[in-house]
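Heads up, the sequence shown is in my numbering, so the first residue is 30 and it goes up one at a time. Read the structure below first, then the notes.
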Amino acid sequence: TGDWKFCPWYLHESFRQAREQGAVILAVNYPRFPLADIRDITQAIDDFWRWFYESSDMTTDYKRCVEGLKINRKKLIISGESAGGYVAAYSVIHPHPKLEANALFLRYPMLRHYER
């Protein structure tokens, strides 16, 4: 799967829609199998949402990147592909108390455990 620093992993359609809507894409890095287990992954996602809603560092961090940027924490589309689809679904099923997702967009989500 991709990494937040490697833009070719993102769908061009996602960029186009974000531009048209004046949206900001926040790409979250999280540990992946086989180096991490599900507890590590879900803990990383819980930590992200805690940072997103509760940390003053979040505001400082994004303002350092783009001057004048404002993020509306009440207008969110959560999306993910493959393992990221699991992470996106987890975020909605086990939400941070302040999370109000407007939409969930999953592409080929890994939602079922399987054995080979």
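C-beta: ideal position from N, C-alpha, C; glycine also.
Taken through DSSP and simplified to helix, strand or coil, residue 42 comes out as helix. Three or more pairs of CB atoms, one per stretch, sit closer than 8 angstroms, so the stretch 120–140 contacts the stretch 95–109. Around the beta carbon of residue 114, 16 or more other beta carbons lie within 10 angstroms, which makes this residue buried. Taking all protein chains shown into account, residue 116 has 16 or more neighbouring C-beta atoms within 10 Å of its C-beta and is therefore buried. Selection 55, 43, 44 evaluated against residue 98 yields 55 as nearest (Cα-Cα). Cα atoms of residue 83 and residue 123: separation of roughly 17 angstroms, rounded to the nearest angstrom.
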